[in-house]
């Protein structure tokens, strides 16, 4: 049953891509950039699923994607809301993230290993940045906030990465005690991932403001 859920989650990565391409002509640069990233994300999701199906290690692909994902979202969030907090949180967070990301693979001498420290750092930093963007946009009253695509994107990222922080910590616990729990924590990530892709698809339909 879980395998089917994971497969559906992977396939839903194509939903926002299809929506982004459908509305592409009317999108401005930031959302077009988002479409390009989601195409890359969909390719990674599907190729990783294929590698997992054939029992091939896809950790190297996941780790490269994590790095690309972090810098893309940090960049786009900084484009939407500027400020001292955003700038310094991004700089400090990026230094810490890269230290864990590069340091872990330097020590292990391979990309085919799970890098929990980098995963947690990425999720924590992006949660803070997304929260700041959501709060800032909510305080602006020129237009209804629920019609602002930047608000929707940021809100989804906030929920996704705040849950990812908890899941990374839970997965660490599960790896330390693999026989202590029967609950598959990753199913939560699957549900959030599917929901995120559906909302992303909807947000591409919102008009520019």
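Numbering (this note's numbering), first residue to last: 256 to 464.
Cβ atoms here follow ideal geometry from the backbone N, Cα and C, with glycine treated the same way.
Roughly how many angstroms separate the alpha carbons of residue i and residue j, rounded to a whole number?
i           : j           : result
residue 320 : residue 366 : 11 Å
residue 370 : residue 392 : 33 Å
residue 313 : residue 298 : 13 Å
residue 414 : residue 382 : 8 Å
residue 358 : residue 350 : 11 Å
residue 265 : residue 325 : 20 Å
residue 329 : residue 311 : 31 Å
residue 363 : residue 416 : 26 Å
residue 269 : residue 275 : 10 Å
residue 402 : residue 309 : 43 Å
residue 292 : residue 327 : 8 Å
residue 283 : residue 318 : 30 Å
residue 437 : residue 368 : At residue 437 the pLDDT is 49, less than 50, meaning the model places this residue with poor confidence and gives no usable figure here.
residue 412 : residue 271 : 14 Å
residue 289 : residue 280 : 13 Å
residue 277 : residue 446 : 25 Å
How close, in whole Å, do the beta carbons of residue i and residue j come, if the pair is a contact with beta carbons under 8 Å?
i           : j           : result
residue 400 : residue 406 : 5 Å
residue 346 : residue 285 : Contact flag wrong, Cβ pair sits at about 21 Å.
residue 449 : residue 294 : Contact flag wrong, Cβ pair sits at about 18 Å.
Between the options, which has its C-alpha nearest residue i's C-alpha?
i           : options               : result
residue 360 : 349, 372 and 350      : 372
residue 418 : 377, 389, 390 and 403 : 377
residue 454 : 262, 333 and 410      : 410
residue 336 : 362, 308 and 395      : 395
residue 374 : 390, 420, 348 and 397 : 420
residue 451 : 281, 279, 282 and 296 : 296
residue 390 : 283, 289 and 338      : 338
In terms of residue numbering, what span does the alpha helix (DSSP H) encompassing residue i cover?
i           : result
residue 390 : 371-394
residue 359 : 339-363
residue 316 : 314-335
residue 299 : 284-308
residue 276 : 269-277
With a CB to CB cut of under 8 Å and the five nearest residues on each side skipped, what residues in its chain are close to residue i?
i           : result
residue 316 : 299, 302, 303 and 306
residue 344 : 380, 383, 384 and 387
residue 273 : 456
residue 342 : 333
Grab me the residues of residue i's own chain with a C-beta within less than 6 Å of its C-beta, minus the 5 sequence neighbours each way, in chain order.
i           : result
residue 404 : 458 and 461
residue 444 : 422
residue 348 : 380
residue 287 : none
residue 354 : none
Apart from the five residues just before and just after residue i, which ones in its own chain have a Cβ nearer than 7 Å to its Cβ?
i           : result
residue 322 : 356
residue 340 : 387
residue 334 : 285
residue 352 : 325, 373, 376, 377 and 380
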